[in-house]
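One structure is given here, and the rest of the page talks about it.
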Amino acid sequence: MDLLTAFLVAALLLGVQTGPVSAAVSAGQNSVTFEALCRLITLAKSQIVVPPKVSTQAAELAKLRKLNMSVSDKKWRELFHDTSSPGKYHEKIPEGMPAGTNWQQHWQSWVEAEKALQTAAEDADLKEAGITTAAAGALALARHRINELANEAERVAQQTTEAADVSAALDNGAAQKTLRHAAFGADVADESTATLDNIFGGKNNHARSATCEAGTGEKKARTVAAAIACACLDDNRDAVAAACHPKHSAAEDWNGGTVSLNNLQTMVAYCPKGKRITLTAADLTTAIRAVEDKITIISSDGYLGAAINNCDGTTATGLCVKFNNYATNPDESTAKLPWIGGLKTLAQNLAQREINNHKATAATDKIKKNIAAVKFAVSAAVEYTKLKASASTLSKPSSGATQAQQTVCASKGTKTTCTAANCKWDGKNETDGECKTKDGQGTTNAAGAQGAETEGQDGKTNTNTTASNSFVINKTPLWLAVLLF
């Protein structure tokens, strides 16, 4: 057990509290408060990694836009080409071109989709979707469904857009700077290079009673380090040794309006060293609440640290930070403070990043499913056109059998030989006449070709192969049509 931990345990066992007390402030009185403030100091001294923004949905959306554009009408695709030069595109809507309501919003993405089709024949995504091998008629049939899938993906992707202020607050080291400014009042790595001007927002004449009020103005407890000074440093009028840490001895750290920067830096250095961490909204919120939970109320004001009636720094009054009107509205009392309000805003931005990342991941999965649905729509359209062509072929009367039968019948010169060949004799007598085919002989069953089940002479349903196949041909397009339209 290290010295600070032992000190904290002893303070708790002795029933030391951080709220208002009736006796004089004593050693260890603010050890728990110091520990809570140190959590924020340690974060500021750490190498902060912010969860990166998830943007995998963008690549999938671009792929789906490309697939959608590839099956679009030729005249639509021609709008994006600048015919004044080969390979040139209209990066903006051309002047005088009648534009739809959403063209301005989507024009650039449409142009990029058209550009991506320069080598369409070799495009792996188009091949995977079956677009490169599908007939033009099938693609035209699938066009409406693919457009629906693309529009749905656009709506899903729009819900993942991260606000510009959130990105600005988190990216490119911005979160690290926010933590450092909250802790030390400047973008410095630790307390060793922080100045009193940084920490309190003003030089010299730091009268303790006025300085140890939380505020945004000059010479106020506007940083975590300033709060540590108010809760832990001795006052020359009435020194309190080890109020926050057992190694700190009475040394007149605060003399009138002068604060010992060296002694304050030493006190802050007792906080645990920083490390490389991935900062989450939950981590930061927990650290902030650990400080807020130490704020107690006297009358209508809040006090962080041991307070008897004010924060003058003596054993009879208190070593603390005062929050005016805290009881009336705690959030408003702390919201504008760089080291509480500013950190709360950072925590909110981290939470928003986490929410957006969850949406982006879900959107990526959804768009991937829509891309798979494009392949299915193309396949269904191809199958539909094949079946429709097959049905059309089967519905046409077959003339081959009739021609052969006509040849047979025409070769018969007598009534006897004609009827024996299952032909019809049209004549006056046995030899004077013409042998013809019987009516309807040699033709394909028209009802069967249309796909309807027929009844035989015995009254039973005819389930011959031709009828069965034609039934599938005519019925299958119904479910295919549902998928395509």
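The sequence shown lines up with residues -23 to -1, 1 to 462 when you count with mature numbering (1 follows the signal peptide of the UniProt record, and there is no 0). We treat Cβ as the ideally placed atom computed from N, Cα and C, and that holds for glycine.
Would you mind working out which of the options sits nearest residue i, comparing C-alpha positions?
| i | options | result |
| --- | --- | --- |
| N302 | D416, G290, I272 | I272 |
| A90 | N239, R266, Y66 | Y66 |
| Q81 | P75, M74, I70, V88 | I70 |
| Q135 | A357, T291, S32, K250 | S32 |
| S144 | P28, A387, V385, K345 | P28 |
| I133 | C395, A13, L38, T10 | For the sequence presented, residue 133 should be read as Val rather than Ile. Considering only alpha carbons, the answer is L38. |
| C297 | T78, S61, E55, A204 | A204 |
| V201 | P223, S226, N213, M244 | M244 |
| A115 | A387, A357, A324 | A357 |
| N347 | R122, S61, A117 | R122 |
| P75 | T393, T60, K92, W53 | W53 |
| A111 | V351, S276, A258 | V351 |
| I344 | T137, T322, G150, S8 | T137 |
| G251 | A97, L241, N406, A21 | A21 |
| T384 | A397, A368, T414 | T414 |
| T305 | A259, N399, D278 | D278 |
| N333 | K405, E131, C189, E139 | E139 |
| V268 | R16, S3, Q6, A4 | R16 |
| S3 | D270, K313, G290, G178 | G290 |
| N79 | A259, K30, E131, Q34 | E131 |
Can you say whether residue i is buried or exposed, counting buried as having 16 or more other CB atoms within 10 angstroms of its CB?
| i | result |
| --- | --- |
| E68 | exposed |
| residue 476 | This structure cannot speak to residue 476, because the chain is shown only from -23 to 462. |
| P63 | exposed |
| D212 | buried |
| K196 | buried |
| Q382 | buried |
| D409 | exposed |
| Q380 | exposed |
| V26 | exposed |
| A264 | buried |
| A246 | exposed |
| N96 | Going by the sequence as given, residue 96 is Thr instead of Asn. Exposed. |
| A337 | buried |
| S310 | buried |
| T172 | exposed |
Per DSSP, which one or two residues make a beta bridge with residue i?
| i | result |
| --- | --- |
| L281 | I272, V298 |
| G410 | G404 |
| I254 | I25 |
| D212 | W231 |
| H58 | Y66 |
| E190 | K299 |
| V236 | W231 |
When the Cα atoms are used, what is the spatial distance from residue i to residue j?
| i | j | result |
| --- | --- | --- |
| residue 465 | A349 | The requested residue 465 does not occur in the structure, where the chain is confined to residues -23 to 462. |
| V217 | E168 | 23 Å |
| E72 | D308 | 53 Å |
| W84 | S49 | 15 Å |
| A141 | D215 | 51 Å |
| D57 | W87 | Before going further, note that residue 57 is Phe rather than Asp in the sequence given. Going from the Cα of F57 to the Cα of W87 covers about 8 Å. |
| A1 | I285 | 8 Å |
| F(-17) | T10 | With a pLDDT of only 43 at F(-17), under the threshold of 50, the placement of this residue in the model should not be trusted, and no figure is reported. |
| E12 | P249 | 9 Å |
| I274 | C207 | 17 Å |
| P223 | L210 | 13 Å |
| D164 | K180 | 18 Å |
| T393 | E411 | 12 Å |
| E125 | L327 | 34 Å |
| H225 | G192 | 27 Å |
| T322 | N7 | 27 Å |
Would you say residue i and residue j are within 8 Å of each other, going by their C-beta atoms?
| i | j | result |
| --- | --- | --- |
| S23 | I176 | no |
| I108 | V355 | yes |
| T155 | G319 | yes |
| L14 | A152 | no |
| A106 | L44 | yes |
| P315 | R157 | no |
| L94 | M46 | yes |
| I18 | A160 | yes |
| G150 | A184 | no |
| R42 | A127 | yes |
| A368 | Q34 | no |
| A398 | C386 | yes |
Under 7 Å from any heavy atom of the ligand ADP, does the C-beta of residue i make it?
| i | result |
| --- | --- |
| S186 | Only the bare structure without any ligand can be found here, which leaves the ligand ADP out of the picture. |
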